[in-house]
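Enquirer: One structure follows; several queries about it will come next.
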Amino acid sequence: MLILTKINNKIKVSNTMNYKMRGTIKQIGEKKTLDNGAVVLDYTVVTSDNGYTTPYSFSMYNKADKVEFIDKFIEFNKVGDSVEVEFSIRGREYNGMIYNSLSHWRCDKVEEAVPVADDGSGLPF
Numbered sequence: 041m042l043i044l045t046k047i048n049n050k051i052k053v054s055n056t057m058n059y060k061m062r063g064t065i066k067q068i069g070e071k072k073t074l075d076n077g078a079v080v081l082d083y084t085v086v087t088s089d090n091g092y093t094t095p096y097s098f099s100m101y102n103k104a105d106k107v108e109f110i111d112k113f114i115e116f117n118k119v120g121d122s123v124e125v126e127f128s129i130r131g132r133e134y135n136g137m138i139y140n141s142l143s144h145w146r147c148d149k150v151e152e153a154v155p156v157a158d159d160g161s162g163l164p165f
């Protein structure tokens with residue numbers, strides 16, 4: 041996705057990529073309020089592929105006027121829920137080291153498909 045931003049009458053072009061993944065919520069951290077009134081919440085989603093479990097740590101950051109989004113996330117999402125998370129990858133340099141983070145911007149519950157027993161007749165009912 042190409043994003044155009046106008047800063048001081050100059051147009052800046054940046055290329056951001058958004059990702060999507062499905063998994064199960066393993067952990068929801070404590071809500072932290074920063075000095076500027078913004079709120080941060082970290083949570084972990086795990087996926088299982090070919091018998092291997094991979095954890096992903098997501099961060100939610102909302103300014104003071106958007107705190108209700110984190111409160112709703114905590115209210116409607118619980119450990120063990122199957123979810124689909126949309127996120128972007130952010131990177132920054134600090135003291136010569138590169139740090140990456142997964143920045144959540146959407147999380148939807150996913151209903152698990154119920155397996156249907158096949159009686160061998162080939163009929164759908």
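Residues in the sequence shown are numbered consecutively from 41, following the numbering used here. For each residue, glycine too, the CB sits at the ideal point set by N, CA and C.
#1: Can you check which of these residues, 132, 79, 122 and 117, is closest to residue 107 by C-alpha distance?
#2: Consult DSSP for residue 105 and reduce its assignment to one of helix, strand or coil.
#3: Taking the C-alpha atoms as reference points, what is the distance between residue 63 and residue 97?
#4: DSSP puts residue 100 in a beta bridge; with which residues?
#5: Between residue 143 and residue 99, what straight-line distance do the alpha-carbon atoms span, to the nearest angstrom?
#6: Would you grab the beta carbon distance between residue 123 and residue 147 for me? Rounded to a whole angstrom, and I think it's under 8 Å.
#7: So, are the CB atoms of residue 103 and residue 121 less than 8 Å apart?
#8: Do residue 59 and residue 128 have their C-beta atoms closer together than 8 Å?
Expert: In terms of the structure at hand:
#1: 79
#2: Residue state, collapsed to three classes: helix.
#3: C-alpha separation (whole angstroms): 12 Å.
#4: 81
#5: 5 Å
#6: A Cβ-Cβ distance of about 5 Å is found for the pair residue 123 and residue 147, placing them in contact under the 8 Å criterion.
#7: no
#8: yes
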